[in-house]
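One structure is given below, encoded as structure tokens.
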Amino acid sequence: MSITKDNVLHVAGLARLDLSQEEVARYEVELNDVLEFMEKLNELDTQGVEPTTHVLDISNVFRQDIVEASSDVEEILANAPDREDDYFKVPSIL
Amino acid sequence: MSKIREINTKLNSKEISAVELTTIYLDNLEKTSSIIGSYISTTKKEALAKAKMVDAQIAKGEEIGLLAGVPMGIKDNISTTGIETTCGSKILAGYKPIYNATVVERLYAAGGIILGKCNMDEFAMGSSNENSAYGIVKNPWDLTRVPGGSSGGSAATVAAREVVFSLGSDTGGSIRQPAGFCGVVGMKPTYGRVSRYGLIAYASSLDQIGPMANSVEDCAIVHDIISGYDRLDSTSANMKATSTLAALTKDIKGLKIGIPKEYFQGDEKVLATIRKALAKYEELGAIVEETSLPNTEYALAAYYIIASAEASSNLARFDGVRYGARDGSKKDVTEMMSGTRDKFFGQEVKKRIMIGTYALSSGYYDAYYLKALKARTILKRDFDQAFAKYDVLITPIAPTLPFKLGENIKDSITMYLGDICTVTINLVGIPGITIPCGFADGLPVGMQILGKPFSEELLFNVAHSFEQNTNYNSFKPEVAINE
Numbered sequence: 003m004s005i006t007k008d009n010v011l012h013v014a015g016l017a018r019l020d021l022s023q024e025e026v027a028r029y030e031v032e033l034n035d036v037l038e039f040m041e042k043l044n045e046l047d048t049q050g051v052e053p054t055t056h057v058l059d060i061s062n063v064f065r066q067d068i069v070e071a072s073s074d075v076e077e078i079l080a081n082a083p084d085r086e087d088d089y090f091k092v093p094s095i096l
Numbered sequence: 213m214s215k216i217r218e219i220n221t222k223l224n225s226k227e228i229s230a231v232e233l234t235t236i237y238l239d240n241l242e243k244t245s246s247i248i249g250s251y252i253s254t255t256k257k258e259a260l261a262k263a264k265m266v267d268a269q270i271a272k273g274e275e276i277g278l279l280a281g282v283p284m285g286i287k288d289n290i291s292t293t294g295i296e297t298t299c300g301s302k303i304l305a306g307y308k309p310i311y312n313a314t315v316v317e318r319l320y321a322a323g324g325i326i327l328g329k330c331n332m333d334e335f336a337m338g339s340s341n342e343n344s345a346y347g348i349v350k351n352p353w354d355l356t357r358v359p360g361g362s363s364g365g366s367a368a369t370v371a372a373r374e375v376v377f378s379l380g381s382d383t384g385g386s387i388r389q390p391a392g393f394c395g396v397v398g399m400k401p402t403y404g405r406v407s408r409y410g411l412i413a414y415a416s417s418l419d420q421i422g423p424m425a426n427s428v429e430d431c432a433i434v435h436d437i438i439s440g441y442d443r444l445d446s447t448s449a450n451m452k453a454t455s456t457l458a459a460l461t462k463d464i465k466g467l468k469i470g471i472p473k474e475y476f477q478g479d480e481k482v483l484a485t486i487r488k489a490l491a492k493y494e495e496l497g498a499i500v501e502e503t504s505l506p507n508t509e510y511a512l513a514a515y516y517i518i519a520s521a522e523a524s525s526n527l528a529r530f531d532g533v534r535y536g537a538r539d540g541s542k543k544d545v546t547e548m549m550s551g552t553r554d555k556f557f558g559q560e561v562k563k564r565i566m567i568g569t570y571a572l573s574s575g576y577y578d579a580y581y582l583k584a585l586k587a588r589t590i591l592k593r594d595f596d597q598a599f600a601k602y603d604v605l606i607t608p609i610a611p612t613l614p615f616k617l618g619e620n621i622k623d624s625i626t627m628y629l630g631d632i633c634t635v636t637i638n639l640v641g642i643p644g645i646t647i648p649c650g651f652a653d654g655l656p657v658g659m660q661i662l663g664k665p666f667s668e669e670l671l672f673n674v675a676h677s678f679e680q681n682t683n684y685n686s687f688k689p690e691v692a693i694n695e
């Protein structure tokens with residue numbers, strides 16, 4: 003599999019990265035290098051092997067459904083680039 | 213040679229106060245960190261305030277814990293309330309967390325004195341600490357060489373005696389490799405042993421916080437304080453607390469050490485130093501045998517797929533909406549997010565986000581991500597088989613000595629290949645400790661000791677027995693001021 007400029011632009015769109023033209027050209031080369039390096043895995047026979055997503059044998063950790071105090075709104079909003087009243091403010095969505 | 217115990221004795225006997233000790237450390241840190249680049253920010257005000265609290269405790273005749281008044285550095289991807297936490301990235305410039313990581317809560321409760329936030333590769337992505345948006349870190353042993361990464365600042369600050377211990381994080385070797393390059397002790401605990409709550413995530417199924425110090429005993433003391441179940445981390449292992457400190461008996465007679473041959477490729481000077489250390493173990497009564505982890509050659513590819521995939525998902529949260537930097541020039545919300553991410557993420561971070569997004573995208577998921585997860589299962593079997601025969605495995609921490617600044621930064625593949633001795637350990641979730649085991653060309657060589665899941669007591673003891681019968685940790689770099 004080799005990566006084309008269109009692939010780079012598609013992936014950059016999915017990843018929300020507004021790459022410059024120079025970056026698009028660079029990642030086209032670098033991603034191909036890295037993916038070639040990863041082709042190594044194709045030598046490995048994984049027929050019938052279960053995937054390991056996680057090393058610990060634990061699943062579905064629940065807690066009691068009890069209301070607890072949460073963070074202070076003012077403290078949270080103090081880190082926001084922009085705000086209005088008790089909301090995060092962003093540029094228009096349409 | 214426990215620095216923590218020495219400080220504890222001096223504070224208890226009132227030979228020095230915590231404020232005096234903190235002041236000395238802060239002054240010396242200011243001098244050497246500007247040369248080394250070990251810190252992104254320093255926390256003089258917080259340090260002195262906490263030292264005063266320790267002095268007040270002592271004045272009241274209260275018993276203080278071992279860590280009370282002990283100077284420490286915290287990697288800048290570990291959240292500290294009110295103290296800027298940047299992850300080495302411009303995208304988090306100015307971000308002040310509103311909560312402490314669990315490990316920080318525990319260290320504060322034990323009286324640890326925070327002197328600053330240690331420099332690191334941006335979002336912990338890197339093996340040389342040349343990817344920080346806040347400047348490179350230099351190796352204290354040779355200022356023209358890299359300290360390793362990504363916890364390069366945490367390792368260098370301990371080597372330069374700016375602090376007594378530090379915290380790093382390890383996703384593919386980021387505690388152990390810089391510890392090796394800087395000649396200090398570094399421990400990556402078993403996945404789940406230490407809470408990740410408040411650690412800004414890189415790859416959640418691989419990340420683990422751990423201690424770095426100049427002696428095994430000091431590392432064990434810190435390990436015991438930060439480890440243990442935390443309900444705030446859903447991947448925290450709900451197990452009985454352990455005392456690795458109590459396990460430091462130095463007795464390793466009959467210990468079975470496996471030497472995986474696949475890890476013994478690289479610079480002959482490094483390998484010769486490790487072999488000499490193994491002879492020491494035999495002298496101490498251990499049985500050393502060659503063994504094999506036959507699928508090692510597939511680990512790097514599997515690691516870079518899994519880590520990049522998890523990173524692409526974790527780093528989606530940096531969108532210029534809730535915290536950190538924003539590209540204010542855009543009129544539309546999607547353009548604002550894409551502009552912010554392109555402008556404030558560094559090149560290596562963007563590259564891994566691209567790799568990860570590609571590996572997870574429709575049509576490629578099975579070929580890359582799923583394949584890598586299956587390789588992970590196969591790698592795990594390698595280790596299960598090895599640990600059926602051996603108590604621990606010993607390897608070099610890297611195939612080379614610390615390399616020159618700028619030497620590998622242009623060539624990702626060469627840089628990635630340097631991680632061959634460390635990444636598999638995160639994929640299979642086992643604990644690993646690095647200790648200094650000699651010098652070559654005046655540079656430290658690190659030895660890695662690996663054990664079964666939750667075998668930290670054994671690992672610390674195996675490391676301690678070597679340290680107590682050698683003197684490699686008594687050397688310090690010329691740049692260091694404190695003893």
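As given, the protein sequences belong to chains D and C, one line each in that order. Take 3 as the starting number for the first sequence in the numbering used here and just add one per residue. Take 213 as the starting number for the second sequence in the numbering used here and just add one per residue. The beta-carbon is built from N, C-alpha and C at its ideal position, and this holds for glycine as well.
Per the C-alpha coordinates, the member of D:76, D:23 and D:71 positioned closest to residue 89 of chain D is D:76.
According to the DSSP assignment, residue 377 of chain C belongs to the beta strand (DSSP E) that extends over 377-382. The residue among C:472, C:489 and C:444 with its C-alpha nearest the C-alpha of residue 66 of chain D is C:444. Nearest CB-CB separation between residue 7 of chain D and chain C: not below the 8 angstroms threshold. Between residue 71 of chain D and chain C, the shortest Cβ-Cβ separation is not below 8 angstroms. Within the segment 401-447 of chain C, the complete alpha helix (DSSP H) segments at least 4 residues long are 428-438, listed from N- to C-terminus. Under a criterion of Cβ atoms nearer than 7 angstroms, the residues of chain C adjacent to residue 78 of chain D are, in order, 310. Straight-line measurement puts the Cα of residue 676 of chain C at about 11 angstroms from the Cα of residue 669 of chain C.
Note on geometry: alpha-carbon atoms of residue 537 of chain C and residue 344 of chain C lie some 16 angstroms from one another. When the alpha-carbon of residue 59 of chain D is set against those of C:645, C:308, C:357 and C:417, the nearest one is in C:417. In this model, residue 659 of chain C and residue 435 of chain C are separated by some 19 angstroms (Cα to Cα).
The criterion of a C-beta distance shorter than 8 angstroms is not satisfied by residue 629 of chain C and residue 505 of chain C.
Flagged as an interface residue toward chain D: residue 510 of chain C, by a C-beta distance shorter than 8 angstroms. For residue 390 of chain C, the enclosing alpha helix (DSSP H) has its first and last residue at 388-394.
At a cut-off of 3 residues, the continuous stretches assigned as beta strand (DSSP E) that sit fully inside the segment 283-318 of chain C are 283-287.
For residue 88 of chain D, there are no C-beta contacts with chain C under 8 angstroms, since the nearest C-beta of that chain is about 13 angstroms from it. Residue 280 of chain C sits in coil when the DSSP states are folded into three classes, being neither helix nor strand.
By the C-beta density criterion, residue 49 of chain D is exposed, having fewer than 16 other C-beta atoms within 10 angstroms. Less than 8 angstroms separates the beta-carbon of residue 346 of chain C from that of residue 298 of chain C. Each residue's CA atom was taken as its position, placing residue 664 of chain C and residue 484 of chain C some 26 angstroms apart. The DSSP assignment places 668-680 as complete runs of the alpha helix (DSSP H) inside the segment 654-694 of chain C, in order along the chain (cut-off: 4 residues). Around the beta carbon of residue 47 of chain D, a 10 Å sphere encloses fewer than 16 other beta carbons of the protein chains shown; the residue is thus reported as exposed. According to the DSSP secondary-structure assignment, residue 89 of chain D is paired through a beta bridge with D:86. The beta carbon of residue 278 of chain C sits closer than 8 angstroms to the beta carbons of 216, 217, 220, 322 and 433 from its chain, once the five residues preceding and following it are set aside; these are given in chain order. Taking all protein chains shown into account, residue 396 of chain C has 16 or more neighbouring C-beta atoms within 10 Å of its C-beta and is therefore buried.
Under a 10 Å Cβ-count criterion, residue 529 of chain C is classified as exposed, with fewer than 16 other Cβ atoms of the shown protein chains found around its own Cβ. Counting along the chain, no alpha helix (DSSP H) covers residue 615 of chain C, and no H or E run does either. Counting along the chain, the unbroken alpha helix (DSSP H) around residue 365 of chain C starts and ends at 364-371.
Apart from sequence neighbours up to five positions away, the residues of its chain that approach residue 337 of chain C with a beta-carbon distance below 8 angstroms are 343, 362, 414, 523, 560, 561 and 564, ordered along the chain.
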